[in-house]
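Worksheet for the structure shown next.
Chains as they are written, first to last, in the numbering used here: chain E, 31 to 165; chain Z, 11 to 397.
Laid out in structure tokens, this is it:
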């Protein structure tokens, strides 16, 4: 099974068509939607993690492109202003995958980007507004 | 053998004092016992750095020409209390900007002043024979104004509740974001490093005690608001929940924004992270035992914040050692725990204060007034009339 994390951009005319559902059905690709900003009549963006058998996954992604969806590899871009961070730990309260941690012995906030699913919950949880999540 | 404040200060002045942070003292007491630690150590330094909403600053702007008796005033569009004489104001930390709302508030004004930034002052007054000016708009910073001191009515809470949420939706609170269905639990105390937990019966910390406040030297001005000493305590005297508090005063102009920071809790509002450190003289074995307290000995109660009522019962009690492990159990469920106050900065404050004392720059002081050891809190009833 292969896995890819992608950012999908839907032009307004594509937003109205259920292209992701069709891709899931047609190519048997397990799809986890990590983030989505999709509104009718506007450009939509979605971050997804796709998992499927190598060939089917490849075909599924090609299908999305054929349908007018712009496909890019997701670049993880959670940004923490480390210089201003006070390591209070408030963001770790909402970080279920454990990407943000404050622990003994240093009690310093550590961000492990590999564990981050870019859910964005920490953005509101940071009392100093030092975290930005963009995709 | 017992020591006096003066004996300890003599040793500080000579650069001979033995100063440990509260964490180091905990280790020493554990390894060598109370008696040995009492003989070796002169001062234990504590620290805490958490959101303390009950904070603010008095400022005096100096007089304009012609003069104004301000009755309403704004700093960077944040309303401040100008109902004190002509050009005195009080900036409340939780006030919010009239234009920007909670994105910028009194705490931000305080931090910007500390950082030396220019602040826009707007004020109006009635215009009187002696103060004819009715309106002023100008810019000030900490060097253009006269006195500027923090006067925080309630800081350095002696212990605090742990917050969780049993409901089906997230709660946005001053204890951070509480995820639904006991999704997490947050706590807000430096525990074994926290000032009042190292002097649980207020033997050395009282009115007049010299403290570290926001990076500068300050003083305990008074028992803090909501000071509630009459609570359940352990055999060592450590309160099992929120108890004593301190009203603190200190010179804003000398502060450092590493130790005092504006904050905004999402869908709650503005607050101020305040750094407080208090030196505790190890006068005798009792003080050595007090300052040897560890996170295993300090307990607090977990409360369900989805029940916003005074009458809520605690879900369970828990030690800070358990909270710091990152996980507690509530019923059958393993619940992820997270701090809201910074242990890293609390430790830095205790270390900084240790440095000041070791270099002879900061001495300990006996309280000139004791904090009450007894007393509970009144509540605010909603009455129909004042009879």
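All C-beta atoms, glycine included, are put in the ideal place defined by N, C-alpha and C.
Neighbourhood of residue i by C-beta, 7 Å cutoff - its chain only, sequence neighbours within 5 removed
| i | result |
| --- | --- |
| residue 338 of chain Z | 195, 328, 332, 345 and 347 |
| residue 56 of chain Z | 32, 203, 204, 205, 208, 287, 288, 290 and 360 |
| residue 200 of chain Z | 57, 58, 351, 353 and 356 |
| residue 223 of chain Z | 160, 258, 260 and 286 |
| residue 145 of chain E | 127, 128 and 129 |
| residue 139 of chain Z | none |
| residue 236 of chain Z | 164, 255 and 387 |
Among the options, nearest to residue i - alpha-carbon criterion
| i | options | result |
| --- | --- | --- |
| residue 252 of chain Z | Z:115, Z:378, Z:38 and Z:165 | Z:165 |
| residue 70 of chain E | E:41, E:149 and E:144 | E:41 |
| residue 294 of chain Z | Z:46, Z:372 and Z:216 | Z:46 |
| residue 140 of chain E | E:125, E:154 and E:36 | E:125 |
| residue 27 of chain Z | Z:367, Z:92 and Z:394 | Z:367 |
| residue 148 of chain Z | Z:74, Z:36 and Z:110 | Z:74 |
| residue 317 of chain Z | Z:267, Z:340 and Z:177 | Z:177 |
| residue 192 of chain Z | Z:397, Z:53, Z:374 and Z:325 | Z:325 |
| residue 334 of chain Z | E:143, E:109 and E:131 | E:131 |
| residue 210 of chain Z | Z:246, Z:23, Z:392 and Z:25 | Z:246 |
| residue 76 of chain Z | Z:127, Z:91, Z:25 and Z:141 | Z:141 |
| residue 107 of chain Z | Z:100, Z:90, Z:154 and Z:123 | Z:90 |
| residue 29 of chain Z | Z:395, Z:362 and Z:83 | Z:362 |
| residue 254 of chain Z | Z:262, Z:239 and Z:365 | Z:239 |
| residue 162 of chain Z | Z:281, Z:340 and Z:385 | Z:281 |
| residue 172 of chain Z | Z:381, Z:330 and Z:385 | Z:330 |
| residue 109 of chain E | E:57, E:58, E:150 and E:135 | E:150 |
| residue 90 of chain E | E:156, E:111, E:38 and E:154 | E:38 |
| residue 80 of chain E | E:97, E:98 and E:104 | E:104 |
| residue 118 of chain E | E:99, E:62 and E:156 | E:156 |
| residue 190 of chain Z | Z:72, Z:343, Z:51 and Z:150 | Z:343 |
| residue 274 of chain Z | Z:263, Z:322, Z:182 and Z:300 | Z:182 |
| residue 123 of chain E | Z:358, Z:336 and Z:372 | Z:336 |
| residue 96 of chain Z | Z:303, Z:154 and Z:137 | Z:137 |
Nearest-angstrom Cβ-Cβ length linking residue i and residue j, presumed shorter than 8 Å
| i | j | result |
| --- | --- | --- |
| residue 218 of chain Z | residue 270 of chain Z | That belief does not hold up - the Cβ atoms of residue 218 of chain Z and residue 270 of chain Z are roughly 22 Å apart, past 8 Å. |
| residue 146 of chain Z | residue 78 of chain Z | 5 Å |
| residue 228 of chain Z | residue 258 of chain Z | 6 Å |
| residue 39 of chain Z | residue 67 of chain Z | No, residue 39 of chain Z and residue 67 of chain Z are not in contact; Cβ-Cβ is about 38 Å, not under 8 Å. |
| residue 248 of chain Z | residue 307 of chain Z | 6 Å |
| residue 2 of chain Z | residue 80 of chain Z | Since the first residue shown for chain Z is 11 and the last is 397, residue 2 of chain Z is missing from the structure and cannot be characterised. |
| residue 60 of chain E | residue 82 of chain E | 6 Å |
| residue 34 of chain E | residue 87 of chain E | 7 Å |
| residue 107 of chain E | residue 164 of chain E | 5 Å |
| residue 131 of chain Z | residue 180 of chain Z | Their Cβ separation, rounded to whole angstroms, is 39 Å, which puts residue 131 of chain Z and residue 180 of chain Z out of contact at 8 Å. |
| residue 126 of chain Z | residue 144 of chain Z | Not a contact, Cβ separation roughly 30 Å. |
Inter-residue spacing [alpha-carbon to alpha-carbon] between residue i and residue j
| i | j | result |
| --- | --- | --- |
| residue 291 of chain Z | residue 220 of chain Z | 12 Å |
| residue 88 of chain Z | residue 113 of chain Z | 11 Å |
| residue 58 of chain Z | residue 351 of chain Z | 8 Å |
| residue 101 of chain E | residue 174 of chain Z | 41 Å |
| residue 198 of chain Z | residue 314 of chain Z | 15 Å |
| residue 119 of chain Z | residue 52 of chain E | 54 Å |
| residue 378 of chain Z | residue 23 of chain Z | 21 Å |
| residue 397 of chain Z | residue 390 of chain Z | 14 Å |
| residue 375 of chain Z | residue 15 of chain Z | 7 Å |
| residue 110 of chain Z | residue 86 of chain Z | 10 Å |
| residue 99 of chain Z | residue 310 of chain Z | 37 Å |
| residue 44 of chain Z | residue 186 of chain Z | 38 Å |
| residue 121 of chain E | residue 383 of chain Z | 36 Å |
| residue 161 of chain E | residue 143 of chain E | 13 Å |
| residue 152 of chain E | residue 103 of chain Z | 24 Å |
| residue 133 of chain E | residue 42 of chain Z | 27 Å |
| residue 188 of chain Z | residue 65 of chain Z | 24 Å |
| residue 65 of chain E | residue 312 of chain Z | 33 Å |
Same chain only: Cβ atoms within 8 Å of residue i, ignoring 5 sequence neighbours per side
| i | result |
| --- | --- |
| residue 45 of chain E | 68, 69, 70, 71, 72, 73 and 74 |
| residue 49 of chain Z | 11 |
| residue 266 of chain Z | 124, 224, 225 and 226 |
| residue 95 of chain E | 101 |
Beta-carbon contacts of residue i that lie in its chain and below 6 Å, excluding the five residues immediately before and after
| i | result |
| --- | --- |
| residue 170 of chain Z | 198, 199 and 252 |
| residue 243 of chain Z | 249 |
| residue 370 of chain Z | 22, 23 and 25 |
Any non-hydrogen atom of the ligand NAD within 7 Å of residue i CB
| i | result |
| --- | --- |
| residue 342 of chain Z | Questions concerning the ligand NAD fall outside what the structure shown contains, since it holds no ligand whatsoever. |
Residues, ordered as in the chain, of the region 104-119 of chain E that lie near chain Z by beta-carbon distance below 7 Å: 116, 117, 118 and 119
Members of the region 343-369 of chain Z that neighbour chain E once the beta carbon cut-off is set at 9 Å: 346, 347, 348, 349, 350, 351, 352, 353, 354, 355, 356 and 357
Members of the region 181-207 of chain Z near chain E, C-beta cut-off 7 Å: 186, 187, 189, 194 and 196
Residues of the region 52-85 of chain E whose Cβ lies closer than 8 Å to any Cβ of chain Z, in chain order: none
Chain-ordered residues of the region 318-340 of chain Z with a beta carbon less than 8 Å from chain E: 334 and 336
Interface positions of the region 51-80 of chain Z facing chain E (Cβ-Cβ less than 9 Å), listed along the chain: 59, 60 and 61
Residues of the region 116-131 of chain Z whose Cβ lies closer than 9 Å to any Cβ of chain E, in chain order: none
Contacting positions in the region 254-280 of chain Z - beta carbon closer than 7 Å to chain E: 271, 273, 274, 275 and 276
Chain E contacts from the region 293-319 of chain Z (Cβ-Cβ distance under 9 Å): none
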